[in-house]
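Student: This is the structure, below, for whatever I ask next.
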Amino acid sequence: MALRNIRKDNDEILRKKCRVVDEINDRIRVLVEDMIETMYHEDGVGLAAPQVGILKRIAVVDVGEGVHVFINPEIIEESGSCIDVEGCLSLPGRQGEVERPAKIKVKALNEKGEEFELEAEGFFARAICHEVDHLNGILFTDKLVRNEEE
Numbered sequence: 018m019a020l021r022n023i024r025k026d027n028d029e030i031l032r033k034k035c036r037v038v039d040e041i042n043d044r045i046r047v048l049v050e051d052m053i054e055t056m057y058h059e060d061g062v063g064l065a066a067p068q069v070g071i072l073k074r075i076a077v078v079d080v081g082e083g084v085h086v087f088i089n090p091e092i093i094e095e096s097g098s099c100i101d102v103e104g105c106l107s108l109p110g111r112q113g114e115v116e117r118p119a120k121i122k123v124k125a126l127n128e129k130g131e132e133f134e135l136e137a138e139g140f141f142a143r144a145i146c147h148e149v150d151h152l153n154g155i156l157f158t159d160k161l162v163r164n165e166e167e
C-alpha cells in the first residue's frame, strides 16, 4: 500500500469523465487499497480515482461506519433534497453549500467484483453523490447554491 498524491483544483484530470472498470484485477485492488490509505491519511470521508490521477470509475467512502468501495457506481434512485456545506480534498480551503438528494440507492461492484445495492441517506448519501460526481468530471463548486466566502 502507498499514499497517492491528491490532484488539486486546476488539474485537468479532475474535469474528465472516468472509464468503466472492465476487470477487477490485482492492479485495481492495489489502487483501491492505496485510495483508502490516502483518504484516511488526508482526513477525508471520500476519495475518487481521478483525485489520485486515475481515470477509472472507482470511489471509496467512509463517513465513520467503515469503508465502502464503489466500482462502476450508478445512482439508481434518489429522493428528497437537502442543502449542506461541502469541501473537497482536491479543493483545499474551499467550502460551499450544495443541494443533494436526501436519500439514494446506489448499485456498484465491490473490490471482489461482487455487485451490490446500497441505500444511503443524509451525510452518507451526500458523500457518495460527491464522489460519483468526481467520476463524471464534476466538482462540488459546479453545483454551489452559495459560497461560504459570501
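For the sequence shown, the numbering used here begins at 18 and goes up steadily by one. Ideal placement from N, C-alpha and C gives every residue a C-beta, glycine not left out.
With a CB to CB cut of under 7 Å and the five nearest residues on each side skipped, what residues in its chain are close to E167?
Tutor: Position 150 of the sequence shown, counted from the first residue, corresponds to residue 167. Below a pLDDT of 50, predicted positions are generally treated as unreliable, and E167, at 43, falls in that range; the measurement from the model is reported next regardless. None.
Student: I need the straight-line Cα distance from I30 to G97, nearest angstrom please.
Tutor: Taking the sequence shown and counting its residues from 1, the one referred to as residue 30 is at position 13. Taking the sequence shown and counting its residues from 1, the one referred to as residue 97 is at position 80. Answer to the nearest angstrom: the Cα atoms are 31 Å apart.
Student: Do G63 and V49 have their C-beta atoms closer together than 8 Å?
Tutor: The residue given as residue 63 occupies position 46 in the sequence shown. The residue given as residue 49 occupies position 32 in the sequence shown. Taking 8 Å as the Cβ cut-off, G63 and V49 do not qualify as a contacting pair.
Student: Mind checking E116: buried by the 16 CB within 10 Å criterion, or exposed?
Tutor: By one-based count along the sequence shown, residue 116 stands at place 99. Counting Cβ neighbours within 10 Å, E116 comes out exposed, since fewer than 16 surround it.
Student: Please list, in chain order, all residues of the same chain as A137 whose beta carbon is under 6 Å from its beta carbon, the five residues on each side excluded.
Tutor: Locating residue 137 in the sequence shown gives position 120, where the first residue counts as 1. If we look at A137 and ignore the five residues flanking it on each side, its Cβ neighbours are I121 and I145.
Student: Determine the closest residue to Q112 out of H147, N153 and K34, with distance taken between C-alpha atoms.
Tutor: In the sequence shown, the residue the question calls residue 112 occupies position 95. For the residues H147, N153 and K34, the minimum Cα distance to Q112 belongs to H147.
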